[in-house]
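So the sequences go chain by chain: A and B.
Under our numbering, residues 107 to 420 are what the first sequence spells out, in order.
Under our numbering, residues 39 to 209 are what the second sequence spells out, in order.
From the three backbone atoms N, C-alpha and C, an ideal C-beta is built for every residue, glycine too.
Since the model is a prediction, treat every value here as computed from it, not as a measurement.
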Amino acid sequence: MKYVFIIAGVLIITLSIAAGLIWVERRLLSVWQDRLGPNRVGPFGLGQVVADTIKLFFKEDWVPSFSDRPVFILAPGILLITILLTFAVVPFGPNFYVFDSNIGVLFFLGNSSLGVYSIVLGGWASNNKYSLIGAMRASAQMLTYEVFMGLSLMGVVMMADSFSFCKIVEAQKDGWFFIPQFIGFIVFFIAGIAETHRLPFDIPEAEGELIAGYHSEYSGMKFGMFFVGEYLGITLISALISTLFFGGWLGPSFLPPVFWFLFKTFFFICVFILLRASLPRPRYDQLMELGWKILLPLSLLNLLITGAILIFLK
Amino acid sequence: MISILRSMWLVFLHVFHKRETVEYPEVKPYLAPRYRGRIVLTRDAEMKERCVACYLCAAACPVDCISLQATEDADGRRFPEFFRINFSRCIFCGFCEEACPTYAIQLIPDFELAEYNRQNMVYEKEHLLISGEGKYPGYNFYKNAGVNVGVKGKGEGDNEEKPVDVKELLP
Chain A
107 MKYVFIIAGV LIITLSIAAG LIWVERRLLS VWQDRLGPNR VGPFGLGQVV ADTIKLFFKE
167 DWVPSFSDRP VFILAPGILL ITILLTFAVV PFGPNFYVFD SNIGVLFFLG NSSLGVYSIV
227 LGGWASNNKY SLIGAMRASA QMLTYEVFMG LSLMGVVMMA DSFSFCKIVE AQKDGWFFIP
287 QFIGFIVFFI AGIAETHRLP FDIPEAEGEL IAGYHSEYSG MKFGMFFVGE YLGITLISAL
347 ISTLFFGGWL GPSFLPPVFW FLFKTFFFIC VFILLRASLP RPRYDQLMEL GWKILLPLSL
407 LNLLITGAIL IFLK
Chain B
39 MISILRSMWL VFLHVFHKRE TVEYPEVKPY LAPRYRGRIV LTRDAEMKER CVACYLCAAA
99 CPVDCISLQA TEDADGRRFP EFFRINFSRC IFCGFCEEAC PTYAIQLIPD FELAEYNRQN
159 MVYEKEHLLI SGEGKYPGYN FYKNAGVNVG VKGKGEGDNE EKPVDVKELL P
């Protein structure tokens with residue numbers, strides 16, 4: 107029975123954060139652009155979340171006649187499923203997690219690899235040139251950044267001596283990992299942006315060039331699932347950054363641990379939105395160059411140095 | 039790398055900047071006194087219509103949104119039988135105001151013309167006529183020029199001299 111409550115709690119927290127981000131992102135962007143943002147529906151415009159959701163539900167859910175129908179319908183679900191599954195291993199608090207897998211980090215990396223299928227299949231099944239280009243870009247981008255996203259976490263795993271997120275958090279009692287693993291943190295952060303294909307790395311959807319890319323043909327709640335999937339992705343990456351590098355639920359004891367976890371997560375969500383507000387989109391080849399020529403050697407170097415120091419200390 | 043962090047910081051500083059948004063229905067924007075908005079037909083000091091139905095506004099209108107028909111009263115004073123402006127066509131250029139010889143047609147600072155029914159955008163004379171003198175208080179066309187329609191006799195106008203008796207000048 108306890109597990110049911112925890113699963114329900116995790117689902118409610120993650121999904122309501124993802125839905126709330128509709129409002130948070132628009133309000134924060136407007137704050138950074140000297141505007142006011144949505145402030146009409148309900149107090150502070152909070153009803154915008156409900157209004158947007160209702161709007162999405164009532165939109166015509168059109169499946170193009172030229173599309174590959176079963177794949178087209180399946181694709182948005184894959185994204186949501188993989189991200190929501192990953193939340194199962196994210197510890198929200200000392201005893202607030204669905205299950206503490208001893209291969210949690212690998213589970214996350216595997217799931218985020220599967221997430222690529224959603225976008226590639228969605229773009230492919232749309233049977234549309236722009237969608238296909240978007241999907242191709244997405245697959246290249248996500249596979250590239252997948253490589254050193256994993257490598258950048260190895261330093262943390264070596265220092266904590268475990269793949270389990272709970273053990274990693276507990277290993278940070280004496281000091282958060284972002285100081286010794288600063289390079290790892292930077293690489294993971296950049297890879298995380300690319301992995302959730304958020305701006306400035308929104309090359310797969312690139313509104314100006316590809317007219318929303320892989321989800322051009324999607325409408326109604328299918329588009330809504332890509333939409334929520336993107337916000338869930340931001341939440342997931344922010345949650346993982348705070349878990350792996352910023353001590354997860356650890357913090358001064360005058361507030362409950364869950365609060366500290368959510369506080370740190372929210373902080374990184376805001377950084378994600380600030381990135382969107384401030385940075386232009388790089389060209390596709392620049393993105394690949396940054397990945398293979400700078401970030402991959404950097405993460406390998408970080409791995410080598412961390413390993414050498416750890417062996418030296420033992 | 040530094041430039042990226044710098045631009046992020048500069049964008050973040052916008053938190054402390056002034057908002058540009060005007061919350062419109064609650065906060066009305068400032069409209070200059072000579073703002074060209076909704077068109078009205080004004081009256082002179084005696085609360086009689088200034089319009090003499092000369093058709094100059096309709097001729098000047100680049101989008102042909104003004105339609106009127108002239109008629110005369112018993113004194114021979116011209117006035118429009120109907121005067122119709124289609125505000126769904128009007129571009130608020132103010133040419134009609136410039137063309138008007140009697141200051142009858144005037145554009146006022148009001149832009150809130152939204153209607154649910156498009157037909158309601160067509161304003162008839164009773165909607166256009168206001169019971170005031172608009173921007174030129176005290177002005178009456180017939181006191182300055184024009185034929186005698188019971189406002190003034192010949193040579194009795196504001197800036198007018200008595201008509202010269204040509205025969206008196208004979209030696």
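Beta-carbon gap between residue i and residue j smaller than 8 Å
{"i": "A/Phe213", "j": "A/Thr192", "result": "yes"}
{"i": "A/Phe307", "j": "A/Ile299", "result": "yes"}
{"i": "A/Phe198", "j": "A/Phe365", "result": "no"}
{"i": "A/Phe369", "j": "A/Arg304", "result": "no"}
{"i": "B/Phe121", "j": "B/Lys173", "result": "no"}
{"i": "B/Tyr141", "j": "B/Arg88", "result": "yes"}
{"i": "A/Ser325", "j": "A/Trp138", "result": "no"}
{"i": "A/Ser322", "j": "A/Ser232", "result": "yes"}
{"i": "B/Val187", "j": "B/Asn178", "result": "no"}
{"i": "B/Pro118", "j": "B/Ala91", "result": "yes"}
{"i": "B/Gly114", "j": "B/Val202", "result": "no"}
{"i": "A/Thr422", "j": "A/Gly397", "result": "The requested residue 422 of chain A does not occur in the structure, where chain A is confined to residues 107 to 420."}
{"i": "A/Phe269", "j": "A/Val263", "result": "yes"}
{"i": "B/Cys95", "j": "B/Cys131", "result": "no"}
{"i": "B/Lys200", "j": "B/Gly191", "result": "no"}
Element boundaries [beta strand (DSSP E), containing residue i]
{"i": "B/Ser105", "result": "104-110"}
{"i": "B/Leu79", "result": "77-79"}
Where residue i falls: helix, strand or coil (DSSP)
{"i": "B/Tyr161", "result": "strand"}
{"i": "A/Arg382", "result": "helix"}
{"i": "A/Glu301", "result": "helix"}
{"i": "B/Gln144", "result": "strand"}
{"i": "A/Phe202", "result": "strand"}
{"i": "B/Glu64", "result": "coil"}
{"i": "B/Glu58", "result": "coil"}
{"i": "A/Trp282", "result": "coil"}
{"i": "A/Glu315", "result": "helix"}
{"i": "A/Gln392", "result": "helix"}
{"i": "A/Asn145", "result": "coil"}
{"i": "A/Ala277", "result": "coil"}
{"i": "A/Phe374", "result": "helix"}
{"i": "B/Cys128", "result": "coil"}
{"i": "A/Gly326", "result": "helix"}
{"i": "B/Pro175", "result": "coil"}
{"i": "A/Pro363", "result": "helix"}
Nearest-angstrom Cβ-Cβ length linking residue i and residue j, presumed shorter than 8 Å
{"i": "A/Arg132", "j": "A/Pro144", "result": "5 Å"}
{"i": "A/Phe374", "j": "A/Ser348", "result": "6 Å"}
{"i": "A/Ala246", "j": "A/Tyr320", "result": "Not quite, the Cβ-Cβ distance comes to about 13 Å (not below 8 Å), so this is no contact."}
{"i": "A/Met394", "j": "A/Leu185", "result": "Going by Cβ atoms, the distance from A/Met394 to A/Leu185 rounds to 23 Å, so no, they are not a contact pair."}
{"i": "A/Leu134", "j": "A/Leu338", "result": "So it is not a contact: roughly 18 Å between Cβ atoms."}
{"i": "B/Gly195", "j": "B/Arg81", "result": "At roughly 19 Å, the Cβ-Cβ gap does not stay under 8 Å, so B/Gly195 and B/Arg81 are not in contact."}
{"i": "A/Thr341", "j": "A/Thr120", "result": "6 Å"}
{"i": "B/Pro147", "j": "B/Pro71", "result": "7 Å"}
{"i": "B/Leu166", "j": "B/Ile123", "result": "6 Å"}
{"i": "A/Ser344", "j": "B/Ser45", "result": "That pair is no contact at about 21 Å."}
{"i": "A/Ala114", "j": "A/Val334", "result": "So it is not a contact: roughly 18 Å between Cβ atoms."}
{"i": "A/Gly228", "j": "A/Ala181", "result": "4 Å"}
{"i": "A/Gly261", "j": "A/Gly290", "result": "4 Å"}
Bridge partner(s) assigned by DSSP for residue i
{"i": "B/Arg122", "result": "B/Ser105"}
{"i": "A/Phe193", "result": "Bridge partners of A/Phe193: none, in fact."}
{"i": "B/Phe117", "result": "B/Thr109"}
{"i": "A/Glu336", "result": "None; A/Glu336 has no bridge partner."}
{"i": "A/Leu356", "result": "Note: A/Leu356 sits in no beta bridge, so no partner."}
{"i": "B/Leu167", "result": "B/Leu79"}
{"i": "B/Glu87", "result": "B/Arg81"}
Limits of the unbroken alpha helix (DSSP H) element including residue i
{"i": "A/Asn217", "result": "210-231"}
{"i": "A/Gly126", "result": "108-138"}
{"i": "A/Val169", "result": "Here A/Val169 belongs to no alpha helix (DSSP H), and DSSP marks it neither H nor E."}
{"i": "B/Tyr180", "result": "179-182"}
{"i": "A/Val156", "result": "153-164"}
{"i": "B/Ser45", "result": "40-50"}
{"i": "A/Ala241", "result": "235-266"}
{"i": "A/Asn408", "result": "402-419"}
{"i": "A/Phe351", "result": "No alpha helix (DSSP H) contains A/Phe351, which DSSP labels as neither H nor E."}
{"i": "B/Leu208", "result": "Unbroken run through B/Leu208: none, as it is neither H nor E."}
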